[in-house]
Every structure is written in C-alpha cells, then in structure tokens.
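Enquirer: Here the protein sequences line up with chains A and B, keeping their order.
Residue numbers for the first sequence follow the working numbering, so the first one is 2 and each next one is one higher.
Residue numbers for the second sequence follow the working numbering, so the first one is 2 and each next one is one higher.
Don't be surprised by glycine CBs; every beta carbon is placed ideally from N, CA and C.
Got a structure for you, written out below as structure tokens; questions coming shortly.
Number of protein chains: 2
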Amino acid sequence: MPPRPRTIARKIPAQERAKATVDVLLEATARILVKEGYDHASTTRIAEAAGVSVGSLYQYFPSKEALVAALIDRHMAAMTTMIEEKAAELAMAPLAVAVREAIRVMIAAHRIDPRLHRVLVEQVPRLGRLQRIEQVESRSRTLVRAYLEAHKDEVRPRDLDMAAFLTAHVVEAITHGAVLHEPALLDSEALVEETTTLIVRYLT
Amino acid sequence: MPPRPRTIARKIPAQERAKATVDVLLEATARILVKEGYDHASTTRIAEAAGVSVGSLYQYFPSKEALVAALIDRHMAAMTTMIEEKAAELAMAPLAVAVREAIRVMIAAHRIDPRLHRVLVEQVPRLGRLQRIEQVESRSRTLVRAYLEAHKDEVRPRDLDMAAFLTAHVVEAITHGAVLHEPALLDSEALVEETTTLIVRYLT
DNA sequence: TCAATATGCGAGTGAACGCTCACATTCACA
DNA sequence: TGTGAATGTGAGCGTTCACTCGCATATTGA
C-alpha cells in the first residue's frame with residue numbers, strides 16, 4: 002500500500018532558528034508571488050529567494066498550496082484585525098460617521114500590501130484556500146448587517162439583508178477598484194466623500 | 002539561431018471542415034475550462050473532448066494561451082454586443098429608466114454563460130490576455146461617462162469622472178457578486194429595484 | 001481522374017515542476 | 001564535552017504538460 006500523500010507538515014518549528022526559517026519563507030513567498038505570479042513561483046525559486054533549501058521548505062509546509070495558504074492566512078488576518086477593531090469602535094457611531102470611517106478602514110486595509118493582495122485575489126487557484134478571502138468578505142457583510150440591525154430606526158430600507166449585501170459589496174468593489182486600478186484616486190479625499198454620499202443617501 | 006517561438010497560427014481555416022474544427026475546439030475549451038479549471042485544462046484533454054487531435058489544435062492556435070484568448074474574445078464580444086445595443090437605445094432615456102435598464106442588461110450579459118465567465122475572471126492568468134476583460138469594464142465606464150455628460154443638467158455630482166467611476170463599478174460589482182455568489186437574488190426583481198434606487202439617489 | 005493543397009493525426013520530445021530522502025550540520029542539555 | 005534531537009541540504013525521481021513533426025487522409029479544381 003502506498004503511503005497516503007502528506008497533508009500536514011512534518012514538523013512544527015520549536016527552536017528560534019526554525020521560526021526564523023518559516024518567517025523568511027513566508028516573506029520570500031510574498032516577494033516571488035508578486036514578482037513572478039503564482040504559476041511561475043516554483044518552490045525552488047521561493048526557497049532560493051529565502052536563502053534556504055527546498056528540503057527545509059517541505060519541513061514546515063507539506064505542499065506549495067499549503068505555503069501559499071499560510072501566506073493568505075497571514076495577510077487576511079492582518080486585514081481582518083484592522084477592520085474588526087474599527088468596527089468595534091463604530092458600533093455606536095451615527096450613520097454618517099460610521100459609513101465614512103468604514104470606507105476609510107476598508108481602504109487602509111487594502112493598502113497593507115496592495116500588490117500581494119492583488120496576486121492573491123486574482124491568481125491563486127480557487128477551490129483550494131481562497132475561500133479564506135471570501136470568508137473575510139462574508140464577515141464584512143455580517144458586520145454591516147449587525148450595524149444596520151442596531152440602527153434600523155434611522156435606516157430607510159426594510160430588507161436589511163439586501164441593504165447589507167448592497168452596501169458591503171459596493172464598498173468592497175470601490176475599494177478594490179481604486180486600490181488595484183486607480184491608485185491615484187486614493188490620495189484625494191474625494192473618493193471617500195463621494196462613496197460616503199452614495200451609501201448615506203441610499204440608507205437614509 | 003533558434004527559431005523564434007510561434008506567435009501566430011500556422012493556418013487560418015479556409016474550408017468548412019476547418020471552421021467546424023475551430024468551433025468544436027472552442028466549445029470544448031469552454032466545457033473543459035468550466036469542468037476542470039484552467040490549470041487542469043491540458044491541451045490534450047481539450048483536443049480529446051473536441052474529438053480532435055492535439056496536432057489539429059496547434060494548426061489553428063499557436064499556444065494554449067491563444068486558444069483561451071480566442072475563447073475570451075468570443076465570450077466578451079457576446080457580452081459587449083448585448084450591452085452596446087442597449088446603450089444605444091438608452092442614450093435619450095430619462096435617468097430613472099436608463100439606470101434600471103442598464104442594470105438589467107448588465108445582469109443579462111453576465112447570465113450568458115455565468116460559469117464560464119467565472120472561470121475566465123477568476124482563474125485565467127492575468128498579464129496575458131485578460132486585459133480583454135478589463136477593456137470591457139473600461140468601455141462600460143466610458144458609456145456611463147457619455148450618458149452623464151449628455152444629461153449633466155439632470156445630474157447632481159459635478160465631477161463626472163468620479164461619478165462614472167463609482168456608478169460603473171457599483172453596478173459591475175453587484176452584478177458580479179449576485180451572478181457568482183448569490184444566484185438566487187437574480188430571480189427576484191428586488192435586486193434590480195434596490196440597485197436602481199441606490200444609483201438614482203446618488204445621481205439626483 | 002489526378003495531383004496539389006488543406007486538413008487531421010498522435011507518438012514522441014524536452015523542459016519544468018513538486019516533492020523526497022539520505023545525509024550533514026547545529027542546537028539543547030546532561 | 002558528548003549525544004540525541006532538531007534543523008538544514010540539494011541532487012534527483014517521477015510525472016505532467018505544452019508543443020512538434022513526419023505522415024495519412026480528405027478536398028479542390030483542372
């Protein structure tokens with residue numbers, strides 16, 4: 002009977018040295034992914050860029066997919082943390098403020114590492130780990146939905162699910178579009194203001 | 002000196018038989034792309050599914066990328082035609098009507114072949130031919146911009162570029178989101194109505 | 001009818017890639 | 001300082017894949 006294909010790492014890092022290796026591998030993965038794209042980011046090239054051997058890579062990541070998945074996790078966690086913190090602050094804020102700040106934090110989150118974000122969203126094969134990204138989008142929708150529920154007396158639309166769907170998608174799309182295709186727009190306040198107007202007018 | 006890599010097809014189809022081969026190859030490409038995803042859609046499998054040999058495939062398409070590019074062209078042309086026709090009809094229509102119909106036609110265009118559209122947008126490696134898709138998005142923005150220009154007396158925002166950017170991205174994003182992730186939403190009229198409200202309220 | 005041309009075939013080629021494993025080096029701790 | 005465990009190495013294995021080429025078959029037009 003052939004050994005079943007490996008699905009978990011052989012080792013988890015125990016010593017400092019090993020933790021450093023894992024770190025340097027993730028950094029290199031991000032760099033190579035941005036520079037070469039997913040398809041040309043071979044494990045050999047990644048290991049080389051990390052100054053580490055392929056063997057070491059496979060000590061801590063059972064597959065190329067797992068390596069990229071770990072990077073996605075790290076990146077999305079950074080974005081999520083930023084968003085969740087702001088959301089907690091804004092729970093009681095009036096609509097106009099909440100909307101404006103929500104848009105600001107979305108833009109800030111997308112600016113953490115825009116080029117990596119782009120590669121992850123655009124190139125990493127779906128059906129593997131990219132559910133992680135959709136998970137974040139779905140979480141945003143839940144946050145919006147909760148806010149609308151708490152403020153439903155100040156809000157015009159009666160179908161809150163629909164309103165949350167629209168609002169979350171709109172902010173996500175504009176942020177995405179701006180960060181990825183029109184970075185210049187981000188430096189003017191006009192985008193934030195216009196988007197705020199758009200959403201506030203819809204909700205009130 | 003090594004022969005430069007081939008960039009154009011060896012032959013263009015002249016006989017009916019050859020045109021049929023090209024057609025059957027494109028159909029098979031669409032099917033395999035949807036079923037297997039880009040990475041697992043090998044040229045061998047595509048030729049097999051088309052009931053044609055790999056050799057024949059390479060008679061008409063110089064590379065796998067060219068084959069997929071041709072499919073993208075075909076698919077996007079179908080969507081674009083639908084959109085442009087409606088846009089011409091709507092040039093003189095009042096805002097409320099134009100917005101509602103624009104949203105409807107966007108949804109209809111995305112429904113031509115949603116599963117193929119999804120694969121093309123999500124999986125096909127960028128930096129190759131997928132500019133074709135962005136080209137369509139940019140064309141939509143131009144159409145919106147032209148409409149706003151012609152109706153600028155009825156429209157509130159003064160920065161028409163910004164307004165066109167927001168409007169086009171919003172409709173595109175909602176359509177996309179609905180077609181790909183919430184197909185159920187498409188069967189109610191509510192989505193169209195709410196989105197229309199969103200845009201009309203912003204523009205007036 | 002027949003030759004020139006167009007189309008179709010598919011085993012085979014070479015390169016790239018993910019991943020393994022036998023071995024070398026470094027570290028923790030007695 | 002010695003020893004077992006942890007960590008690191010990289011040549012090479014097996015496989016997949018895009019693509020080629022020499023040849024077979026079908027079509028066209030004279």
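Any contact of the region 152-169 of chain A with the region 154-165 of chain B, i.e. 3+ C-beta pairs under 8 Å?
Expert: Counting Cβ pairs under 8 Å, fewer than three are found: no touch.
Enquirer: Are the C-beta of E190 (chain B) and some C-beta of chain A separated by less than 9 Å?
Expert: Position 189 of the second sequence, counting from 1, holds the residue named residue 190 (chain B). No, its Cβ sits nowhere closer than 9 Å to a Cβ of chain A.
Enquirer: From D74 (chain A) to A50 (chain A), what does the alpha carbon distance come to, in whole angstroms?
Expert: Sequence index remark: in the first sequence, residue 74 (chain A) carries index 73 (1-based). Sequence index remark: in the first sequence, residue 50 (chain A) carries index 49 (1-based). Spanning the two alpha carbons is a distance of roughly 21 Å.
Enquirer: Any contact of the region 35-53 of chain A with the region 71-91 of chain A, i.e. 3+ C-beta pairs under 8 Å?
Expert: Output reads no: the region 71-91 of chain A does not touch the region 35-53 of chain A.
Enquirer: Express the C-alpha separation of A78 (chain A) and Q16 (chain A) in angstroms, rounding to a whole number.
Expert: What you label residue 16 (chain A) is simply residue 15 of the first sequence in a count that begins at 1. What you label residue 78 (chain A) is simply residue 77 of the first sequence in a count that begins at 1. In a straight line, the C-alpha of Q16 (chain A) is about 24 Å away from that of A78 (chain A).
Enquirer: What residues from the region 138-166 of chain B come within 8 Å of chain A, judged by C-beta to C-beta, listed N to C?
Expert: For the region 138-166 of chain B, which is checked against every Cβ of chain A, the residues closer than 8 Å are P158, D160, M163, A164 and F166.
Enquirer: What's the gap between the Cα of A174 (chain A) and the Cα of V171 (chain B)?
Expert: Position 173 of the first sequence, counting from 1, holds the residue named residue 174 (chain A). Position 170 of the second sequence, counting from 1, holds the residue named residue 171 (chain B). Approximately 7 Å between the Cα atoms of the pair.
Enquirer: Is L144 (chain A) closer than 9 Å to A110 (chain A) when the C-beta atoms are compared?
Expert: As a position in the first sequence, residue 110 (chain A) is number 109, starting the count at 1. As a position in the first sequence, residue 144 (chain A) is number 143, starting the count at 1. No, these two residues do not count as a Cβ contact at 9 Å.
Enquirer: Between A:S139, A:A67 and A:I108, which has its C-alpha nearest L181 (chain A)'s C-alpha?
Expert: As a working note, residue 181 (chain A) is residue 180 in the first sequence. Measuring from the Cα of L181 (chain A), the nearest candidate turns out to be A:I108.
Enquirer: What is the DSSP secondary structure of R75 (chain A), reduced to helix, strand or coil?
Expert: Taking the first residue of the first sequence as 1, we reach residue 75 (chain A) at position 74. Helix.
Enquirer: Pull out every residue of the region 15-39 of chain A whose Cβ sits closer than 9 Å to any Cβ of chain B, in chain order.
Expert: From the region 15-39 of chain A, only G38 and Y39 have a Cβ closer than 9 Å to chain B.
Enquirer: Within this structure, are the beta carbons of Y148 (chain B) and L192 (chain B) separated by less than 9 Å?
Expert: Here residue 148 (chain B) corresponds to residue number 147 of the second sequence, with the count starting at 1. Here residue 192 (chain B) corresponds to residue number 191 of the second sequence, with the count starting at 1. No, they are not a contact pair.
Enquirer: Going by the beta-carbon positions, is the gap between V120 (chain A) and Y39 (chain A) smaller than 9 Å?
Expert: Translated into positions along the first sequence, residue 120 (chain A) becomes position 119. Translated into positions along the first sequence, residue 39 (chain A) becomes position 38. Yes, the pair counts as a contact, with Cβ atoms nearer than the cut-off.
Enquirer: Identify whether I84 (chain B) lies in helix, strand or coil by the three-state DSSP scheme.
Expert: Here residue 84 (chain B) corresponds to residue number 83 of the second sequence, with the count starting at 1. The answer is helix: DSSP assigns I84 (chain B) an H, G or I state.
Enquirer: Please look up how many angstroms separate the CB atoms of A31 (chain A) and L72 (chain A), rounded, as I've assumed it's under 8 Å.
Expert: Taking the first residue of the first sequence as 1, we reach residue 31 (chain A) at position 30. Taking the first residue of the first sequence as 1, we reach residue 72 (chain A) at position 71. With 8 Å as the limit, A31 (chain A) and L72 (chain A) qualify as a contact, their Cβ atoms being about 6 Å apart.
Enquirer: Check the Cβ-Cβ distances between V100 (chain A) and every residue of chain B, and say whether any is below 9 Å.
Expert: Mapped onto the first sequence, residue 100 (chain A) falls at position 99. V100 (chain A) does not count as touching chain B.
Enquirer: Since T198 (chain A) contacts Y203 (chain B) with CB under 8 Å, what's their CB separation in whole angstroms?
Expert: Counted from its first residue, the first sequence places residue 198 (chain A) at position 197. Counted from its first residue, the second sequence places residue 203 (chain B) at position 202. The pair is a contact, with the Cβ atoms about 7 Å apart (cut-off 8 Å).
Enquirer: Examine chain A for any beta-carbon lying closer than 9 Å to the beta-carbon of G178 (chain B), and answer yes or no.
Expert: The residue labelled residue 178 (chain B) in the question sits at position 177 within the second sequence. So, interface residue.
Enquirer: Using CA coordinates, which residue listed in B:I134, B:D154 and B:V125 is at the minimum distance from L96 (chain B)?
Expert: Looking up residue 96 (chain B) in the second sequence gives position 95. Minimum Cα distance to L96 (chain B) is reached at B:D154.
Enquirer: Can you list, in chain order, the residues of its chain with a C-beta nearer than 7 Å to that of I13 (chain B)? Leave out the 5 residues immediately preceding and following it.
Expert: Position 12 of the second sequence holds residue 13 (chain B). Cβ neighbours of I13 (chain B) beyond the five flanking positions: none.
Enquirer: When we look at the beta-carbon of E138 (chain B) and count the other beta-carbons within 10 Å, is it buried (16 or more) or exposed?
Expert: The residue you call residue 138 (chain B) lines up with position 137 of the second sequence. Exposed.
Enquirer: Out of curiosity, what's the CA-to-CA distance linking I113 (chain A) and H76 (chain A)?
Expert: Residue numbering aside, residue 113 (chain A) sits at position 112 when the first sequence is read from its first letter. Residue numbering aside, residue 76 (chain A) sits at position 75 when the first sequence is read from its first letter. Going by the C-alpha atoms only, they are around 9 Å apart.
Enquirer: Could you have a look at Q124 (chain B) and say whether DSSP puts it in helix, strand or coil?
Expert: Looking up residue 124 (chain B) in the second sequence gives position 123. DSSP places Q124 (chain B) in helix when its eight states are reduced to three.
Enquirer: Just to confirm before moving on: does the CB-CB distance between G19 (chain A) and G52 (chain A) stay below 9 Å?
Expert: Here residue 19 (chain A) corresponds to residue number 18 of the first sequence, with the count starting at 1. Here residue 52 (chain A) corresponds to residue number 51 of the first sequence, with the count starting at 1. The displayed chain sequence assigns Ala, not Gly, to residue 19 (chain A). Not in contact: A19 (chain A) and G52 (chain A) (Cβ atoms no closer than 9 Å).
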